[in-house]
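Residue numbers (this note's numbering): 21 to 450. Contents: one structure, followed by commentary.
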Ligand code: LLP
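Structure, rendered in structure tokens:
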């Protein structure tokens with residue numbers, strides 16, 4: 021579901037025409053729909069209603085304070101991976117007590133910060149980390165709530181950079197060693213075992229690997245529940261979204277399309293995992309990031325030049341790989357639409373940014389409406405892993421972010437200035 025559609029040839033987000041917004045804010049800029057985020061959250065929440073559950077938004081997907089605040093208002097917990105993310109959640113009005121702290125490389129400072137804040141749980145990824153959290157908690161005179169991330173060794177069928185549940189990945193503890201690691205955890209004075217965690221990867225479009233992972237872990241979870249009085253089983257994130265409608269449905273006109281079989285839905289996901297999880301009688305945590313915010317965001321850009329070579333047509337836009345790195349990093353696909361709908365026959369073109377790297381592209385050899393200098397475009401499905409992965413490479417200031425709600429929009433992050441760009445830099449005195 022998303023809230024970007026053409027109304028009278030104008031691409032709108034909810035009720036806001038994006039061309040007017042681009043005029044007011046300038047380009048490039050990120051825009052998010054509050055309605056899409058809320059609808060996605062509520063739909064997933066409803067689908068999981070048979071379970072005692074909590075949706076912990078994976079903050080890494082989009083950490084803008086306004087987005088976190090909106091989700092906290094919906095009752096979300098948060099899946100965090102750094103002290104910075106914990107700081108953001110608290111600043112946004114979220115509850116540290118509903119945060120699970122994941123990641124393979126937590127530092128002493130981060131562990132102390134999370135213990136003092138009273139996070140719900142540390143998701144632990146190695147024996148060394150278990151020992152270290154025990155030590156830090158002991159030094160503070162606190163007890164750390166822990167869950168071990170167990171790697172079920174299933175193939176999530178997703179891009180190799182975002183697949184995490186195979187035994188060759190750096191994540192979690194193998195199923196064969198999990199019980200031993202729990203025994204070790206139980207023997208440590210400053211740890212309290214509260215759960216089991218797993219996560220198999222991201223952008224997964226088929227419910228089957230989720231069910232497979234859950235089914236593989238259930239015997240272990242049952243054993244651990246009996247031994248340690250577990251509170252929860254966290255089944256991670258990873259629910260995919262539609263990036264390429266042609267791939268998803270064979271029909272590019274998907275604007276208002278109903279759900280398609282190639283498109284994982286909250287209901288299909290729930291149908292696959294709920295029957296397996298219900299008999300456990302445990303609280304179930306989820307850590308979706310992309311599903312909640314991915315299709316809620318677009319990156320607006322302006323065409324600067326059109327360049328024709330004997331073999332190619334390039335539309336050079338003012339956004340670049342530093343603003344949205346997914347195409348360069350994962351060959352990620354983002355739909356591109358002109359803000360004013362065109363009836364002209366599509367022409368095959370590359371859409372590229374101004375950065376001096378061949379990897380700086382948003383589309384290659386893609387049939388799109390013929391674009392001209394001055395045209396405005398939207399790159400869709402940019403709400404997850406978009407702004408958060410941006411950088412100031414080429415000394416390009418970070419972009420503004422805008423939140424649309426019905427007829428209104430608000431800037432939720434100001435565009436960086438050149439002064440912001442050099443803040444903190446020091447020329448040593450001679
Ligand atoms: N839980 C854990 C332990 C994770 O590692 C992740 C994502 C999530 C939850 C949330 O996954 P999601 O529901 O968003 O799929 N930058 C990449 C995606 C990296 C995902 C990293 N881990 C991209 O743009 O595709």
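Every residue gets a Cβ at the ideal spot worked out from N, C-alpha and C, and that includes glycine.
Among 223, 358, 399, 214, the one whose alpha carbon lies nearest that of residue 29:
Along the chain shown, one-based indexing puts residue 29 at 9. Residue 29 has its Cα closest to that of 358, out of 223, 358, 399, 214.
Are residue 254 and residue 167 closer than 8 Å when you measure CB to CB?
Taking the chain shown and counting its residues from 1, the one referred to as residue 254 is at position 234. Taking the chain shown and counting its residues from 1, the one referred to as residue 167 is at position 147. Yes, the Cβ-Cβ distance between residue 254 and residue 167 is below 8 Å.
Residue interval of the beta strand (DSSP E) (run including residue 25)
Taking the chain shown and counting its residues from 1, the one referred to as residue 25 is at position 5. It spans 24-27 - the beta strand (DSSP E) in which residue 25 sits, taken as one unbroken run.
Between residue 388 and residue 356, which are expected to be in contact by the criterion C-beta below 8 Å, what is the C-beta distance as a whole number of angstroms?
Your numbering for residue 388 matches position 368 in the chain shown. Your numbering for residue 356 matches position 336 in the chain shown. Contact between residue 388 and residue 356 holds, since their C-beta atoms are separated by about 6 Å, short of 8 Å.
Nearest candidate by alpha-carbon position, reference residue 213, set 252, 83, 122:
The residue given as residue 213 occupies position 193 in the chain shown. Ranking 252, 83, 122 by Cα distance to residue 213 puts 252 first.
Alpha carbons only, please: which of 32, 91, 71 is nearest the one belonging to residue 60?
Stepping through the chain shown from its first residue, residue 60 is reached at position 40. It is 91 whose Cα lies nearest to the Cα of residue 60.
Tell me the start and end of each unbroken alpha helix (DSSP H) in the stretch 127-196 that is at least 4 residues and wholly inside, in chain order.
Counting whole runs of 4 or more residues, the stretch 127-196 contains the alpha helix (DSSP H) stretches 128-137, 147-160.
Pop quiz: residue 192 and residue 140 are said to be a contact at Cβ under 8 Å. What is the actual Cβ separation, rounded to whole angstroms?
Taking the first residue of the chain shown as position 1, residue 192 is located at position 172. Taking the first residue of the chain shown as position 1, residue 140 is located at position 120. Wrong, their Cβ atoms sit about 19 Å apart, outside the cutoff.
Can the beta-carbon of residue 313 be found less than 8 Å from the beta-carbon of residue 57?
Taking the first residue of the chain shown as 1, we reach residue 313 at position 293. Taking the first residue of the chain shown as 1, we reach residue 57 at position 37. In this structure, residue 313 sits near residue 57, with a CB-CB distance shorter than 8 Å.
With respect to 7 Å, is the separation between the Cβ of residue 310 and the closest non-hydrogen atom of the ligand LLP below this value?
Translated into positions along the chain shown, residue 310 becomes position 290. Placement of the Cβ of residue 310 at a distance of less than 7 Å from at least one heavy atom of the ligand LLP is found.
Does the stretch 38-45 come into contact with the stretch 216-225, if we say contact requires no fewer than three beta-carbon pairs (one atom in each stretch) closer than 8 Å?
no
Apply the 10 Å Cβ neighbour rule to residue 345 and answer buried if 16 or more other Cβ atoms are within range, or exposed otherwise.
Counting from 1 along the chain shown, the entry for residue 345 is found at position 325. Counting Cβ neighbours within 10 Å, residue 345 comes out buried, since at least 16 surround it.
What number of angstroms, rounded off, separates the C-alpha of residue 50 from the C-alpha of residue 341?
Locating residue 50 in the chain shown gives position 30, counting from the first residue. Locating residue 341 in the chain shown gives position 321, counting from the first residue. If I take the Cα positions, the gap works out to 14 Å.
Shorter than 7 Å, the distance from the beta carbon of residue 115 to the closest heavy atom of the ligand LLP, or not?
Within the chain shown, the letter at position 95 stands for residue 115. Residue 115: no, Cβ never under 7 Å from the ligand LLP.
Going along the chain, which residues of its own chain have a beta-carbon closer than 7 Å to the beta-carbon of residue 327, five neighbours each way excluded?
Sequence index remark: in the chain shown, residue 327 carries index 307 (1-based). Around residue 327: 334, 336.
Hey, how far is the Cα of residue 442 from the Cα of residue 375?
As a position in the chain shown, residue 442 is number 422, starting the count at 1. As a position in the chain shown, residue 375 is number 355, starting the count at 1. For residue 442 and residue 375, the distance between alpha carbons rounds to 19 Å.
Around the Cβ of residue 249, are there at least 16 other Cβ atoms within 10 angstroms (buried) or fewer (exposed)?
Residue 249 sits at position 229 when you count from the first residue of the chain shown. By the neighbour-count rule (16 or more Cβ atoms within 10 Å), residue 249 is not buried but exposed.
Whose C-beta lies closer than 6 Å to the C-beta of residue 361 among residues of the same chain, with five residues either side of it excluded?
Within the chain shown, numbered from 1, the residue matching residue 361 stands at position 341. Within the same chain, and ignoring the five residues on either side of residue 361 in sequence, the residues whose Cβ sits closer than 6 Å to its Cβ are 26, 29.
Measure from the alpha carbon of residue 385 to the alpha carbon of each residue in 353, 404, 393, 412, then state which is nearest.
Position 365 of the chain shown, counting from 1, holds the residue named residue 385. Out of 353, 404, 393, 412, the CA that lies nearest to the CA of residue 385 is found in 353.
Check whether the Cβ of residue 341 lies closer than 7 Å to any heavy atom of the ligand FAD, and answer yes or no.
Absence of the ligand FAD is noted for the structure shown, with the ligand LLP being the only ligands found.
Contacting residues, own chain, Cβ-Cβ under 8 Å from residue 206 (five flanking each side not counted):
Position 186 of the chain shown, counting from 1, holds the residue named residue 206. Cβ within range, chain order: 213, 247, 248.
Residues near residue 397 by beta carbon distance below 6 Å, same chain, minus five either side
Your numbering for residue 397 matches position 377 in the chain shown. For residue 397, where only same-chain residues beyond five positions count, the Cβ hits under 6 Å are 321, 356, 358.
On the CB-based measure, 16 or more other CB atoms within 10 Å of its CB, does residue 156 come out buried or exposed?
Looking up residue 156 in the chain shown gives position 136. Under this definition residue 156 is a buried residue.
Cβ neighbour criterion (16 or more within 10 Å) applied to residue 133
Translated into positions along the chain shown, residue 133 becomes position 113. The residue is buried, with at least 16 neighbouring Cβ atoms inside 10 Å.
Thinking C-beta only, is residue 311 closer than 8 Å to residue 261?
Here residue 261 refers to the residue found at position 241 of the chain shown. Here residue 311 refers to the residue found at position 291 of the chain shown. Residue 261 places its beta carbon less than 8 Å from that of residue 311.
What is the DSSP secondary structure of residue 10, reduced to helix, strand or coil?
What the structure shows of the chain is the stretch from 21 to 450, and residue 10 is not part of that stretch, so it cannot be assessed.
Compute every distance between the C-beta of residue 259 and the non-hydrogen atoms of the ligand LLP, then say whether any falls below 7 Å.
As a first step, residue 259 is located in the chain shown; it is residue number 239 there, counting from the start. At least one heavy atom of the ligand LLP is nearer than 7 Å to the Cβ of residue 259, so yes.
Buried or exposed: which applies to residue 281, given that a residue is buried once 16 or more other Cβ atoms fall within 10 Å of its Cβ?
For this step, residue 281 is matched to residue 261 along the chain shown. Residue placement at residue 281 is poorly supported in this model, since its pLDDT is 45, which falls under 50; the coordinates still yield a value, given next. Exposed.
With a threshold of 16 other CB atoms inside 10 Å of the CB of residue 256, please say whether the residue is buried or exposed.
To locate residue 256, count along the chain shown from 1; it is residue 236. Result: buried.
Assigned exposure category for residue 77 - 16 Cβ within 10 Å defines buried:
Position 57 of the chain shown, counted from the first residue, corresponds to residue 77. Buried: at least 16 other Cβ atoms inside 10 Å.
Using 8 Å as the Cβ pair cut-off and three pairs as the minimum, do the stretch 114-130 and the stretch 433-450 touch?
no
What is the rounded straight-line gap between the Cα of residue 409 and the Cα of residue 418?
If you number the chain shown from 1, residue 409 lands on position 389. If you number the chain shown from 1, residue 418 lands on position 398. Their Cα atoms are separated by approximately 11 Å.
Starting from the Cα of residue 147, find the closest Cα among 161, 211, 94 and give me that residue.
Sequence index remark: in the chain shown, residue 147 carries index 127 (1-based). Cα-wise, what sits closest to residue 147 is 211.
Count the other CB atoms within 10 Å of the CB of residue 285; is the residue buried (16 or more) or exposed (fewer)?
For this step, residue 285 is matched to residue 265 along the chain shown. The residue is buried, with at least 16 neighbouring Cβ atoms inside 10 Å.
For residue 350, is the beta carbon positioned less than 7 Å from some heavy atom of the ligand LLP?
In the chain shown, residue 350 corresponds to position 330, counting from 1. Yes, Cβ of residue 350 sits closer than 7 Å to a heavy atom of the ligand LLP.
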